[in-house]
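Chains A and B, in that order, give the protein sequences.
Each residue of the first sequence is one higher than the last, beginning at 1 in this note's numbering.
Each residue of the second sequence is one higher than the last, beginning at 1 in this note's numbering.
All residues carry an ideal CB built from backbone N, CA and C; glycine is no exception.
Note sheet for the following structure.
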Amino acid sequence: MQYSNPESVPRLADLFSLKGRTALVVGGSGLLGGEISYAFAELGAEVIVASRNEARCGEFVSTLRQQFPGVTAHALGVDITSPASINTLLEQVGEITGGGLDILVNSGWSGRKNTFESISDEDWNNDIEVCLNGVFRTIKAAVPLLKERRGNILTIASMYGHVAPDYRMYDSERFANPPSYGAAKAGVIQLTKYLSSFLSPHGIRANCISPGPFPFESTQKENPDFIARLAAKNPLNRIGRPHELKGAAVLLCTDAGAYMTGQNLCVDGGWAVW
Amino acid sequence: MAQLGNPFDLTGRTAVVTGGGGILGRGFCQVLAAHGARVAVLDLDAQAASASAEAVREAVTGAELLALPCNVADPEQVSEAVVRVVERFGGIDILHNNAATKTGDLKEFFEPLETYKLSTWREVMSVNIDGMFLMAQAVGRQMLAQGRGGSIVQTASIYGVVAPDQRIYDGSLYLGRQINTPAVYAASKAAVVGLTKYLAAYWGDKGIRVNTLTPGGVESGQNDVFSQRYSARVPLGRMAQAGEMESALLFLASGASSYVTGQNLIVDGGLTCW
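Printed below as a string of structure tokens:
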């Protein structure tokens, strides 16, 4: 390696630092969003955790404060299906930061159990409303704040946003993967690419993570056969551990990823490579 | 110009098919001839080329065929073959780069990665990718000189797109021999996809279209164990029949795809979609 001026080369510790940065993690107290909130706090960011379950969000934030003393964390309620609620959230964020936002993560999710046969118009619309429209709406409301800090956006999609589920793994009752889920997640991937292009003049980066199988602990305990099927489908031969998203989120959201935008980083154990 | 109303018609066109004596090659030659093309059947094995040409002549009344022995890895033989095709048929409109090799030594070809010989690797590459380059170069020059564009179709493989699931090879035999997919095969076929895109962009303004045809596993001499294991990974639940690749070739070779270039048409029963 040759540098004209080695002393001017940023150190990794600085590239990965989030000291002085503020992150808004929507869905930030959930299975995967919670890991991302933790990762940001660990690197020194002020973390604003928002979700529709404000009580759970509050509990999560108090645990996070205990884990990382000195880190500032906030819990806010939001309903991402409501433009008014999102506007209120971003107003609160602006008040907390004094204007501006460095990182926005969209990890909010909620869906109804369905197959292609069972899904109604209403359920389809509900899933798209939360998983895709909610992401669009949150980003649109946050962009003015992101512009002030040349911030970046991280969206959470899914392997089912770019490959189809092998439906033999699902039994349609306890386990189901509705068509709305993949459609919304594919939309999230493409929206991210669009934004990476559209927002680049403002110095705002937009990237996506497509997690592989990360089932809830309750699902793991109750349905070992299903978990075994998921594991066997994967080259790494196992399901994901939620903390395994932390590295990818940190790479994309810190200055370490300053030249990455419009990417869909698959953290899936190799799910889609064969 | 193709007959109005039948964009698949190839009357008056000349096609060159490499690997024309192989499992898929004979069918490829036949479908092109059946739709009106004059076909030059190239194969390393002179007898296989002649047998293929003879079979197509019997199947397609009035078909014009030329069987030529040609080692596509040898620049002189490639140039010579192109000269002979042009002498005989007056020009070239379609090139199907279809030749691939398992080398003359199946034991070495199927050797495990850890002990794979560089000499075997290079021999495979010399045909699977060098050969495609040499043929595209020589035929491309001819097409440019003719000034009326052309269509180049290159055969890749699903294993140039996704990785093989090694578990399917346990107990799997091909013509009585334990098989696998060697890394060199996957690497050479991925290279084909890259070469296609490059050439499509490079010759786009000259009216030469270049596309990849990616077959899934074709039934040819595998044992039941392989067939069942492979089929279980395919949404359509079965291996491909050789003939199922022919309509895709006809599409890409003919005016039916006149606005399609740089694409990879995957005919795999859905293998790569989940």
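Do the CB positions of residue i and residue j come within less than 7 Å of each other?
i: Ser37/A; j: Val26/A; result: no
i: Val218/B; j: Ala240/B; result: yes
i: Ala184/A; j: Cys131/A; result: yes
i: Val56/B; j: Leu65/B; result: yes
i: Ile275/B; j: Gly149/B; result: Here chain B covers residues 1 to 274 and nothing more, so residue 275/B does not appear.
i: Glu32/A; j: Leu195/A; result: In the sequence as displayed, the identity of residue 32/A is Leu instead of Glu. The answer is no: Cβ separation not under 7 Å.
i: Ala50/A; j: Val61/A; result: no
i: Thr81/A; j: Glu122/A; result: no
i: Val184/B; j: Trp121/B; result: yes
i: Asn98/B; j: Thr18/B; result: yes
i: Val267/B; j: Met245/B; result: yes
i: Ile168/B; j: Tyr230/B; result: yes
i: Thr103/B; j: Phe109/B; result: yes
i: Asn223/A; j: Gly269/A; result: no
i: Arg21/A; j: Ala41/A; result: no
i: Ala63/B; j: Ser50/B; result: no
i: Gly20/B; j: Cys29/B; result: yes
i: Pro69/B; j: Ala46/B; result: yes
i: Ile152/B; j: Leu95/B; result: yes
i: Phe251/B; j: Ser257/B; result: yes
Of the choices the options, whose alpha-carbon is the least far from that of residue i?
i: Val82/B; options: Gln166/B, Gly171/B, Val162/B and Ala40/B; result: Ala40/B
i: Phe16/A; options: Leu265/A, Thr261/A, Asp255/A and Trp271/A; result: Asp255/A
i: Ala249/A; options: Asn207/A, Asn237/A and Tyr259/A; result: Asn207/A
i: Ala23/A; options: Thr88/A, Arg52/A, Thr97/A and Leu104/A; result: Leu104/A
i: Ala39/A; options: Pro215/A, Ala50/A, Arg56/A and Leu18/A; result: Leu18/A
i: Arg205/A; options: Ser8/A, Glu42/A and Ile153/A; result: Ile153/A
i: Ala53/B; options: Gln77/B, Asn97/B, Lys189/B and Ala15/B; result: Ala15/B
i: Gly270/B; options: Arg88/B, Gln142/B and Leu236/B; result: Leu236/B
i: Gly191/A; options: Gly151/A, Arg11/A and Phe136/A; result: Going by the sequence as given, residue 191/A is Leu instead of Gly. Here the closest residue by C-alpha is Phe136/A.
i: Thr212/B; options: Gln30/B, Met132/B and Cys29/B; result: Met132/B
i: Trp203/B; options: Ala67/B, Ala145/B and Gly21/B; result: Ala145/B
i: His202/A; options: Arg149/A, Gly58/A and Pro235/A; result: Arg149/A
i: Val60/B; options: Lys189/B, Thr103/B and Gly27/B; result: Gly27/B
i: Arg285/B; options: Leu106/B, Asp45/B and Arg13/B; result: A query on residue 285/B cannot be resolved here, the shown segment of chain B reaching from 1 to 274 and no further.
i: Val234/B; options: Leu250/B, Pro215/B, Phe251/B and Leu249/B; result: Pro215/B
i: Gly34/A; options: Glu173/A, Gly151/A and Gly108/A; result: Gly108/A
i: Leu275/A; options: Gln66/A, Pro224/A and Ile189/A; result: Nothing can be reported for residue 275/A, as the shown portion of chain A is limited to 1 through 274.
i: Arg168/A; options: Asp225/A, Ser110/A, Asn125/A and Ile156/A; result: Asp225/A
i: Thr155/B; options: Ser227/B, Gln263/B and Phe89/B; result: Gln263/B
i: Thr112/A; options: Glu173/A, Phe68/A and Pro6/A; result: A quick correction: the sequence has Arg, not Thr, at residue 112/A. Selected option, being the one with the closest Cα: Glu173/A.
i: Gly187/A; options: Gln220/A, Ser158/A and Ser118/A; result: Ser158/A
i: Leu175/B; options: Ser227/B, Ala190/B, Gly25/B and Pro182/B; result: Ser227/B
i: Ala136/B; options: Ala200/B, Phe89/B, Lys189/B and Gln166/B; result: Ala200/B
i: Gln77/B; options: Lys189/B, Leu44/B, Leu113/B and Gly25/B; result: Leu44/B
Is the Cβ of residue i closer than 7 Å to any Cβ of chain B?
i: Trp124/A; result: no
i: Asp166/A; result: yes
i: Val163/A; result: yes
i: Glu273/A; result: According to the sequence as given, residue 273/A is Val; it is not Glu. Chain B contact via Cβ: present.
Does residue i come within less than 7 Å of chain A when only Cβ atoms are used?
i: Ala163/B; result: yes
i: Cys273/B; result: yes
Once the 5 residues before and after residue i are set aside, which same chain residues still bring their CB inside 8 Å of it?
i: Ala186/B; result: Ser157, Tyr159, Gly160, Ala163 and Pro164
i: Ile23/B; result: Val218, Ser220 and Ala242
i: Met260/A; result: Arg205, Asn207, Leu251 and Leu252
Just to check my reading of the structure: residue i and residue j have Cβ atoms closer than 8 Å, yes? What is that Cβ distance to the nearest angstrom?
i: Phe214/A; j: Ile239/A; result: 7 Å
i: Pro7/B; j: Ser254/B; result: 6 Å
i: Cys273/B; j: Val273/A; result: With a Cβ gap of about 14 Å, Cys273/B and Val273/A do not count as contacting.
i: Ala138/B; j: Ser79/B; result: 6 Å
i: Asp127/A; j: Ser210/A; result: With 8 Å as the limit, Asp127/A and Ser210/A do not qualify as a contact, their Cβ atoms being about 17 Å apart.
i: Val86/B; j: Gln142/B; result: 6 Å
i: Asn106/A; j: Thr138/A; result: 6 Å
Run through chain C and tell me which residues come within less than 7 Å of residue i, C-beta to C-beta.
i: Trp109/A; result: Of the protein chains in this structure, namely A and B, none is chain C.
Can you give me the Cβ contacts of residue i inside the same chain, cut-off strictly under 7 Å, excluding the 5 residues immediately before and after it?
i: Leu90/A; result: Ala141, Ala142 and Leu145
i: Asn223/B; result: Ser172 and Leu173
i: Asn177/A; result: Tyr160, Pro165 and Tyr170
i: Ser85/A; result: Val78 and Asp79
i: Gly134/A; result: Ile80, Thr81 and Gly108
i: Arg306/B; result: Since the first residue shown for chain B is 1 and the last is 274, residue 306/B is missing from the structure and cannot be characterised.
Kindly list the residues whose CB is nearer than 6 Å to the CB of residue i, restricted to its own chain and excluding five residues on each side of it in sequence; keep chain order.
i: Ala2/B; result: Bear in mind that a pLDDT of 46 at Ala2/B, under 50, signals an unreliable position, so the number given afterwards is only what the model happens to contain. Excluding residues within five positions, the ones whose Cβ falls inside 6 Å are Asp9 and Gly255.
i: Glu54/A; result: Gly77
i: Val47/A; result: Ala23, Ser37, Phe40, Ala41 and Ala73
i: Phe175/A; result: Phe226
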